[in-house]
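Only one structure is covered here, and it is reproduced in the block below.
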């Protein structure tokens, strides 16, 4: 499928043109005839669901991958397009194409200046000229508004600062075309606004920007034009002025969807159950080896039949909070009670037996043993319940797997297949099935980023299961970087910043705006506990 | 060096049998690397033989004649394969837990030494079966203790077992050397007196055709041990947990498994397996502990585990292969130096280690395609991207 | 006088550690485990014997030794980088390969299974074993300077910056156009040549090559690398400490108070203790040993 031609595309006004791009990885087809055309001096949003092929297409543009078929053209200084198909990173950088990756491409033990000049070091004799390096970083900072200390170690920077270093890297290499891959995933709302200002400054300087995202509000906020990808193909090109989020969403998914933002605010004035909380945290503190107090004096309780959502910019202690409740991190201070019992000194297994279920945030690292079969993964953490004498009960394990596979529609429906071979959505279903499926006796559920990187269909399914768990009287603690998800599911919402819970609000008092303010640590409103 | 070197050699087969569709592929995955390795070894061997001015064909014929060509040769191969099965199982068990036990040399020696000490301590009147059993337990304990030390250091301090096990080899061998030379050696020799009780029947005593060869019934113990290790790894809960730690320690920890405990137990168990191998020499062959009896067998265990793909039955086969090479080296010593075999063994390890990742890569992508074809069969579209 | 003799002895023992330690830093900072240092050293020692015996010149011996070390390192790099083989297995295999090859060629070239004929060294017959002998041996100076130079290379040069980057985050280095593999090949081959020089020193100093003459010194140098937390200065100190302990061992051996086997154990036990003591707090290069890295 080919994108419709750009209207009024005068020669010389096009900065990037990709046509008929095909790229496969082994058996996976990431791009099947994708196309993209970006005008000079515009902010162009490349949108699509996870796995639509956006990042692959941009990595081809930036020279990290060579396409299997198709052409890549990029305008040079005089505005003429040149065929650069199959170039490498170094050539792309020379031609002024820079990419800011979703996962930062920074070397933590090196300084900001070292990271910026790496690969293109100013030299004095045989040595790297440190002073010159730091000076050019400071100059670039001043010009672009990307403030960061050149001599600081990257490991010591905040996420927002690290991202500035990433953009500085591209600018140092003279990037005229800047590609940003999901740049806002790790930023707080004010940091996002700062980023937009920087991008607008760059555009005013004649820069061209491609912004990969799947957040529609961002697209409407900052872009001039939009290309939509789905299933590795380019399915639409739109002018931001003349389109709506609903139209973009339809193109992304291929059908009408209920946008999370539109979800009727279910301000169910449900009287929350008065029963004793199933999960209680009192003054919980966690120290990490590198930094004291990653979780700082957190108190919170979750009642049966309640979903408490924890919102916040990633890296503010949410991961450590979940791990300390699950028993994966040492508690430095405070109390944890599960179903009324002191759980602080219990092992992971004992907590599970006490009724704790845990959907971990990283299924590839924690949630699954990727080389184990689906059946084996469905008993991970429960293996002592599938043991007779010393041996595992193989028949019962397979039987259990078949039931969960049917219950959760895991595909392919083969209990003996390695979990590695499943798609992301189905892998997550395996985790959910194990932690929430029939036969699992739990009363507290920790759900950390439960829908990260899964497709829309699976998201609806998982949300539905979380609500069902609540309706069955479980206590659910939901941690998500996706504000819309937190808003859509939670009865109460807490915001975490700098290791502390800065506020706990009932759902009816929470909105993107109010939460966004708290997520930056703004103490405009006094912390309060609902 | 704290980087965990998990998933060393291959993807472990799941506890509940391998994925149905990829059987053929996993067979390929198992066979291709050793075949490649053997071809490379033959080429290198040819070069070495030619540099020595001999004809490769003649050397290889002699090698085969001296090993599988007569009963004595077969007996010697079986004898060597027995020890290698133990050290190979030891390395494989460690690798399954994501750990490199390179201390097989010292563990084997310690096991043999303790078996000899127990055999010496027992009166000659002890019933043979009891004595042999006690000696075997002693051998396992000796190796187990030597293995537990790096296990503890890894679990408690994060000291990487690769270096600590290598260093312990030097320490253990020096320590045993001191005990033997200073306390209990037979004058004019480097060995202890003969054990009074606990000897294991030689194959030649049952089948006279094996006369003169060292093969003995420890062979059956090795086979039984391979079966037991297989059962332990793939059928028991402990094995399930051990392999999970080896594949993905973070997921194992999440699954309520005591990762540190599994690690040190695995290294202790690994050491015990290597140590048990000591009975082959001490109980089955010489009936005393001799300095240097373990030389080479510990390191060859790595090669055996690698070629046997860490599967107990693969290890038995690989042990036979390396025992053939090792015995063959002696057989051809008249034409070319037996040191050629040291080179070939290293070449095999190197070639297998190099061939395995490439093969694994292609197998993984074919497993994905099996999954996809199953999806299409069921007409599914559920689930999507990662 | 005794103190001076002790110092001279320590220095003499430290040189191979310093050279191999410099190799260890280079290899591990680039992300490749330095288990092969032992093999490089043994290969270097054998090369020194072959070169020096063939030409009568220790300088040629040193060059041949370095070439051997470089070739072994190249073999390691190809299987670890190109074929993504497991570095520990490959490392062990290469060490065994060197043992086998040196034994084989010892038989082939010198018809012996234990040692080579007498190898000419740098010393003069009358220079003894004190500081004079050390001072006229150019390898002593190379050894003393090795870690200083490596420290400068890593800290100050563009090549060093790239080595550090590929050892920590190869994808990041690749994304800015650094050729990760080429950088690693260069670092590893340099590492092989440095460690081989340590072996060269041994063979020329002892005036012969003997089977397995390195006796675990490469592993001890690797432990010194870790003990020194991959920082050249600290690694140099660690090497000197290990050498001091070994000197003490030799002094003790002379006294006959402690059985020689116990004294022999000292460097190995020390290594284990050092590792257990330090590793928990040391942060290795992030990409060290990773098979799938770039």
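Residue numbers (the working numbering), protein chains in the order written: chain Z, 1 to 530; chain F, 531 to 916; chain V, 917 to 1210.
Glycine included, every Cβ here is placed at the ideal spot set by N, Cα and C.
All of these numbers come straight from a predicted model, not from anything done at the bench.
- Each residue's CA atom was taken as its position, placing residue 567 of chain F and residue 885 of chain F some 8 Å apart.
- Inclusion of residue 437 of chain Z and residue 403 of chain Z in the CB contact set at 9 Å is warranted, their separation being smaller than that value.
- Nearest in C-alpha terms to residue 142 of chain Z, of all of Z:285, Z:172, Z:51 and Z:159, is Z:172.
- With a cutoff of 9 Å on beta-carbon distance, residue 939 of chain V and residue 1176 of chain V are scored as not near each other.
- Taking a C-beta distance under 9 Å as the contact criterion, residue 217 of chain Z and residue 240 of chain Z do not qualify as a contact pair.
- DSSP links residue 71 of chain Z through a beta bridge to Z:19.
- For residue 976 of chain V, the three-state secondary structure derived from DSSP is helix.
- If the five residues before and after residue 619 of chain F are omitted, its C-beta is found closer than 7 Å to the C-beta atoms of 755, 756, 759, 803, 842 and 845, all from its own chain and listed in chain order.
- With a threshold of 9 Å between beta carbons, residue 356 of chain Z makes no contact with chain V.
- In the three-state DSSP reduction, residue 243 of chain Z falls in the coil class, being neither helix nor strand.
- Its Cα nearest to that of residue 636 of chain F, the residue F:674 stands out among F:813, F:771, F:674 and F:711.
- For residue 777 of chain F, the chain Z residues whose Cβ falls inside 8 Å of its Cβ are 369, 370, 371 and 372, in order along the chain.
- When V:1053, V:1131, V:1204 and V:1077 are compared, the shortest CA-CA separation from residue 120 of chain Z is found for V:1077.
- Sequence-distant partners of residue 968 of chain V (beyond 5 residues in either direction) whose C-beta falls short of 6 Å from its own C-beta, in its chain, are 974, 977, 1035 and 1036.
- Interface criterion not met: the Cβ of residue 402 of chain Z is under 9 Å from no Cβ in chain F.
- Taking a C-beta distance under 9 Å as the contact criterion, residue 959 of chain V and residue 1115 of chain V qualify as a contact pair.
- Put simply, the region 647-658 of chain F does not touch the region 770-785 of chain F. Fewer than three CB pairs are less than 8 Å apart.
- Of all residues in the region 126-153 of chain Z, only 126, 127 and 128 place a beta-carbon less than 7 Å from a beta-carbon of chain V.
- Residue 1183 of chain V sits in a helix when the DSSP states are folded into three classes.
- Under the Cβ criterion of 9 Å, residue 841 of chain F is not counted among the residues facing chain V.
- Scanning chain F for C-beta atoms nearer than 9 Å to the C-beta of residue 1184 of chain V yields 696, 697, 698, 699, 700, 701 and 704, reported in chain order.
- Under the three-state reduction of DSSP, residue 47 of chain Z is assigned to strand.
- Non-local C-beta neighbours of residue 61 of chain Z in its own chain, meaning closer than 7 Å and more than five positions away in sequence, comprise 16, 18, 72, 97 and 179, ordered along the chain.
- In the three-state DSSP reduction, residue 1178 of chain V falls in the helix class (H, G or I).
- Here the alpha carbon of residue 1097 of chain V sits roughly 10 Å from the alpha carbon of residue 994 of chain V.
- By the neighbour-count criterion, in which 16 or more other beta carbons inside 10 Å mark a residue as buried, residue 469 of chain Z falls on the buried side.
- Our two residues, residue 982 of chain V and residue 965 of chain V, have alpha carbons roughly 12 Å apart in a direct line.
- Between the alpha carbons of residue 798 of chain F and residue 678 of chain F lies a gap of roughly 4 Å.
- Contacts with chain V at 9 Å (Cβ-Cβ) include residue 110 of chain Z.
- For the pair residue 795 of chain F and residue 775 of chain F, the Cα-to-Cα distance works out to about 12 Å.
- Using a Cβ distance threshold of 9 Å, residue 806 of chain F and residue 670 of chain F count as a contacting pair.
- Counting only the Cα atoms, residue 1014 of chain V lies some 11 Å from residue 869 of chain F.
- By the C-beta criterion, the region 861-875 of chain F is judged not to be in contact with the region 651-671 of chain F, since fewer than 3 inter-stretch pairs fall below 8 Å.
- Under a 10 Å Cβ-count criterion, residue 611 of chain F is classified as buried, with 16 or more other Cβ atoms of the shown protein chains found around its own Cβ.
- Contact between the region 419-434 of chain Z and the region 359-378 of chain Z is established, with three or more Cβ pairs separated by less than 8 Å.
- Against chain F, the beta carbon of residue 1181 of chain V has neighbours under 8 Å at 700, 701, 704 and 705, listed in chain order.
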